[in-house]
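See structure below.
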Amino acid sequence: MTQLDIIILTGIAISTGLGLIQGSVSLLLVLLSWFAAFFTARVHYEFAAGYLAGVIENATFRYVAAFITLFSLVIMVGKFASFIISKIVSITGLKALDKILGAALGLLFGTLTTLILLSVSDLFFGASSEQWWQESILISFGIEVVEVMKFYFVGIDAINIFS
């Protein structure tokens with residue numbers, strides 16, 4: 715096992731530990747609020763920038779400020795909802811189940827993040843030709859998983875959510 719394998723396992727373990735600490739409800743609501751924040755800011759930043767026309771003269775800065783403001787507001791609302799729902803889960807006595815499911819979600823998020831980083835580092839930096847890449851036990855397994863996932867997500871790049 716190489717140092718890179720230990721780093722990968724440490725990252726996944728940290729993600730699992732954070733999931734255990736936060737619980738599944740908090741993790742899911744945080745993830746949902748990030749998606750909602752990005753989507754809301756992406757769709758409505760031009761409308762919000764109209765309200766800033768008298769305050770910010772530069773159009774680029776106005777659009778950036780509108781995007782950041784919308785994104786931040788949705789994140790704050792999501793964090794408040796996460797706090798309230800976590801308190802409800804705690805009161806109902808489902809906290810232990812929430813923590814166990816949170817650890818499982820943390821493990822899943824850590825693994826997916828690792829797989830994405832492996833794909834990106836190979837795609838953009840050509841890391842697969844490096845010696846440290848080839849010596850790693852976990853990377854060879856991770857690349858096999860990525861190849862299997864590509865089979866299920868073939869054609870996914872045709873979906874353009876950013877326009």
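Numbered according to the numbering used here, the sequence shown terminates at residue 877, and the numbering increases by one at each position without gaps.
C-beta atoms are modelled at their ideal positions from N, C-alpha and C, and glycine is treated no differently.
How many Å lie between K801 and W847 at the Cα?
Within the sequence shown, numbered from 1, the residue matching residue 801 stands at position 87. Within the sequence shown, numbered from 1, the residue matching residue 847 stands at position 133. For K801 and W847, the distance between alpha carbons rounds to 44 Å.
S833 to E849, Cα distance in whole Å?
Locating residue 833 in the sequence shown gives position 119, counting from the first residue. Locating residue 849 in the sequence shown gives position 135, counting from the first residue. So the alpha carbons of these two residues sit roughly 17 Å apart.
Which runs of the alpha helix (DSSP H) at least 4 residues long sit entirely within the segment 749-789? Give them in chain order.
Counting only runs of 4 or more, we get nothing.
Looking at C-alpha atoms only, which residue of Q717, I735, D719 and G856 is the closest neighbour of A818?
Counting from one through the sequence shown, the residue named residue 818 turns up at place 104. Cα-wise, what sits closest to A818 is I735.
If I770 sits next to A779, beta carbons under 8 Å apart, how far is it from one beta carbon to the other, in whole angstroms?
Here the question's residue 770 lines up with position 56 in the sequence shown. Here the question's residue 779 lines up with position 65 in the sequence shown. Indeed they touch by this definition, with Cβ atoms about 6 Å apart.
Got a sec? Which residues, its chain only, sit under 6 Å from S740 by beta carbon, not counting five neighbours each side?
Locating residue 740 in the sequence shown gives position 26, where the first residue counts as 1. Closer than 6 Å at the Cβ level, and outside the excluded window around S740, lie S796 and S800.
Following the continuous alpha helix (DSSP H) through E858, name the residue where it begins and the one where it ends.
Position 144 of the sequence shown, counting from 1, holds the residue named residue 858. Note, E858: alpha helix (DSSP H), I851 to Y866.
For the alpha helix (DSSP H) containing T716, list its first residue and its last residue.
For this step, residue 716 is matched to residue 2 along the sequence shown. Neither: T716 is in no alpha helix (DSSP H) and is coded neither H nor E.
Buried or exposed: which applies to Y866, given that a residue is buried once 16 or more other Cβ atoms fall within 10 Å of its Cβ?
Locating residue 866 in the sequence shown gives position 152, where the first residue counts as 1. Exposed.
Relative to the C-alpha of L766, which candidate in Y777, R756, H758 and V757 has its C-alpha closest?
Translated into the one-based positions of the sequence shown, residue 766 becomes position 52. Cα-wise, what sits closest to L766 is Y777.
Taking the beta carbon of G824 as the centre, do at least 16 other beta carbons fall within 10 Å, making it buried, or is it exposed?
In the sequence shown, the residue the question calls residue 824 occupies position 110. So G824 counts as buried.
Classify L743 as buried or exposed, calling it buried when 16 or more other Cβ atoms lie within 10 Å of its own Cβ.
Here residue 743 refers to the residue found at position 29 of the sequence shown. With 16 or more Cβ atoms within 10 Å of its Cβ, L743 is classed as buried.
With 16 other CB atoms within 10 Å as the buried threshold, where does G840 fall?
To locate residue 840, count along the sequence shown from 1; it is residue 126. The residue is exposed, with fewer than 16 neighbouring Cβ atoms inside 10 Å.
Please classify F781: is it buried, with 16 or more other beta-carbons within 10 angstroms of its beta-carbon, or exposed?
Residue 781 sits at position 67 when you count from the first residue of the sequence shown. Burial call: buried.
Check the C-beta distance from G792 over to A727 and give it rounded, since I have them as a contact under 8 Å.
Residue numbering aside, residue 792 sits at position 78 when the sequence shown is read from its first letter. Residue numbering aside, residue 727 sits at position 13 when the sequence shown is read from its first letter. 26 Å between Cβ atoms; not a contact.
Mind checking T724: buried by the 16 CB within 10 Å criterion, or exposed?
The residue you call residue 724 lines up with position 10 of the sequence shown. That one is exposed.
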